[in-house]
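Trainee: Structure in structure tokens, see below.
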Amino acid sequence: MAKNAEKDKLLQEELKKSGEIPKHVAIIMDGNGRWAKSKGYNRVFGHKEGVNSARDIVEACVELGGVKYLTLYTFSTENWRRPKAEVSVLMKLLIKAIRDETERLHKNGVRLIASGNLETLPEKVLQELHDCMDYTKDNKRLTLNLALSYSGRWDIINAVKNIAKDYKDGKISQDEINDDLFSDYLVTKSIPDPDLMIRTGGDYRISNFLLWQLAYSEIYIDTIYWPDFKRGSFYKAIAEYQKRERRFGLVSEQLQKK
Ligand code: IPE
Ligand code: IPE
Ligand code: MG
Numbered sequence: 016m017a018k019n020a021e022k023d024k025l026l027q028e029e030l031k032k033s034g035e036i037p038k039h040v041a042i043i044m045d046g047n048g049r050w051a052k053s054k055g056y057n058r059v060f061g062h063k064e065g066v067n068s069a070r071d072i073v074e075a076c077v078e079l080g081g082v083k084y085l086t087l088y089t090f091s092t093e094n095w096r097r098p099k100a101e102v103s104v105l106m107k108l109l110i111k112a113i114r115d116e117t118e119r120l121h122k123n124g125v126r127l128i129a130s131g132n133l134e135t136l137p138e139k140v141l142q143e144l145h146d147c148m149d150y151t152k153d154n155k156r157l158t159l160n161l162a163l164s165y166s167g168r169w170d171i172i173n174a175v176k177n178i179a180k181d182y183k184d185g186k187i188s189q190d191e192i193n194d195d196l197f198s199d200y201l202v203t204k205s206i207p208d209p210d211l212m213i214r215t216g217g218d219y220r221i222s223n224f225l226l227w228q229l230a231y232s233e234i235y236i237d238t239i240y241w242p243d244f245k246r247g248s249f250y251k252a253i254a255e256y257q258k259r260e261r262r263f264g265l266v267s268e269q270l271q272k273k
């Protein structure tokens with residue numbers, strides 16, 4: 016076994032023993048452009064290398080076990096406003112990445128799903144996505160959720176519109192509207208809220224990610240740019256998560272009694 020692989024195995028064993036593994040990890044994969052620039056390349060190179068990080072983190076989850084959902088913020092609603100050429104490269108890269116990774120995802124027992132305003136994606140991206148989602152739909156080890164053309168505010172507005180429609184049609188009453196019902200109208204309805212949210216690239220903001228769903232997620236910011244964020248960094252984030260006390264508004268003593 017190569018030295019790095021040996022180190023990773025040890026880390027995995029330690030994490031399994033030392034505490035709870037977050038069931039849902041959500042990641043803002045940021046810093047591709049800055050990574051490329053720091054090496055004298057153009058931004059596209061950073062996006063390409065970013066795909067390798069995504070593959071590595073997916074496999075880190077599969078090998079570790081316990082992480083059942085991984086949401087990757089892949090393209091935001093606001094990212095449509097980037098220069099046309101960059102958007103076009105990102106869409107092409109997405110098509111290629113999904114195509115190239117499908118078999119590997121399947122072999123690893125990964126199910127692919129996508130969340131966002133998917134209608135706005137180019138036809139070819141949608142086609143590739145649907146092919147992969149269909150092919151991997153019965154896999155159970157990990158659900159990989161790509162947040163695509165996604166923004167938290169879009170998600171909430173979309174939910175409100177659908178709730179209003181169902182109210183008007185008499186399908187729900189005003190009294191029934193609560194946290195659980197609202198969650199069921201969001202695009203993440205079939206998956207639990209993230210336990211851990213990681214942002215790479217060092218910025219301390221949410222950038223319109225899962226606004227509702229992150230209510231009680233632990234937040235971990237890494238200064239490392241996404242193309243350099245590989246499984247060692249990911250396991251470090253989980254180790255940090257295990258040290259946190261999630262109080263959900265209670266006091267420490269109440270948690271210890273449980
Ligand atoms: C994240 O990297 C990828 C996407 C938002 C699609 P960026 O492209 O935002 O890279 P920086 O933040 O400019 O370095
Ligand atoms: C967030 O990164 C979106 C994705 C990672 C897809 P951005 O680079 O778009 O966020 P800002 O502009 O720094 O807030
Ligand atoms: Mg960025």
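Numbering (my numbering), first residue to last: 16 to 273.
Glycine residues also receive a C-beta, built at the ideal position from the N, C-alpha and C atoms.
Small disclaimer: the values here were computed from a predicted structure and weren't measured.
#1: Mind checking who T158 pairs with in its DSSP beta bridge?
#2: According to DSSP, simplified to helix, strand and coil, what is R97?
#3: What do you reckon, are the CB atoms on L163 and L133 nearer than 8 Å?
#4: Looking only at DSSP bridge pairs, what is S91 linked to?
#5: Hey, would you say the C-beta of G65 is under 7 Å away from at least one heavy atom of ligand 3?
#6: By the three-class DSSP mapping on this structure, what secondary structure does R214 have?
#7: What is the residue span of the beta strand (DSSP E) that Y235 lies within?
#8: Determine which residues share a DSSP beta bridge with A51 and list them.
#9: Taking 7 Å as the cut-off, does the CB of I36 come closer than this to any heavy atom belonging to ligand 2?
#10: Beta carbon of R220: closer than 7 Å to some heavy atom of ligand 2?
#11: Indicate the three-state DSSP secondary structure (helix, strand or coil) for V202 in the structure shown.
#12: Would you kindly work out how many angstroms separate the C-alpha atoms of S54 and I221, rounded to a whole number?
#13: Please report the Cβ distance between N173 and E93, rounded to the nearest whole angstrom; I am assuming they are in contact, meaning their Cβ atoms lie under 8 Å.
#14: Taking the alpha-carbon of L127 as reference, which of H39, E233, D149 and Y235 has the nearest alpha-carbon?
#15: Where does the unbroken alpha helix (DSSP H) through I253 begin, and where does it stop?
#16: Mind checking which residues open and close the alpha helix (DSSP H) that includes A69?
#17: Within the present structure, is the beta-carbon of M44 separated from the nearest heavy atom of ligand 1 by less than 7 Å?
#18: Measure the alpha-carbon distance for E143 versus Y235 and round it to whole angstroms.
#19: Would you identify the three-state DSSP class for I42, choosing helix, strand or coil?
#20: If you measure from the CB of W241, is any heavy atom of ligand 1 nearer than 7 Å?
#21: Based on Cα-Cα distance, which residue from R261, I253 and G216 lies nearest to S232?
#22: State whether the segment 113–129 contacts the segment 151–170, with contact taken as three or more CB pairs (one from each stretch) at a distance under 8 Å.
#23: Hey, how far is the Cα of I187 from the Cα of K180?
#24: Looking at A252 and D237, is the spacing between their C-beta atoms short of 8 Å?
Mentor: Taking the coordinates as given:
#1: Y84 and R126
#2: coil
#3: It is a contact, given that the beta carbons lie within the stated cut-off.
#4: Y165
#5: no
#6: strand
#7: E233 to I236
#8: For A51, DSSP records no beta bridge to any residue.
#9: False, no ligand heavy atom lies under 7 Å from that Cβ.
#10: Yes - ligand 2 has a heavy atom lying nearer than 7 Å to the Cβ of R220.
#11: coil
#12: One detail in the question is off: residue 54 reads as Lys in this sequence, not Ser. If I take the Cα positions, the gap works out to 26 Å.
#13: That belief does not hold up - the Cβ atoms of N173 and E93 are roughly 16 Å apart, past 8 Å.
#14: Selected option, being the one with the closest Cα: D149.
#15: Note, I253: alpha helix (DSSP H), R246 to K258.
#16: R58 to L79
#17: yes
#18: 32 Å
#19: strand
#20: yes
#21: R261
#22: yes
#23: K180 has its alpha-carbon roughly 9 Å from the corresponding atom of I187.
#24: yes
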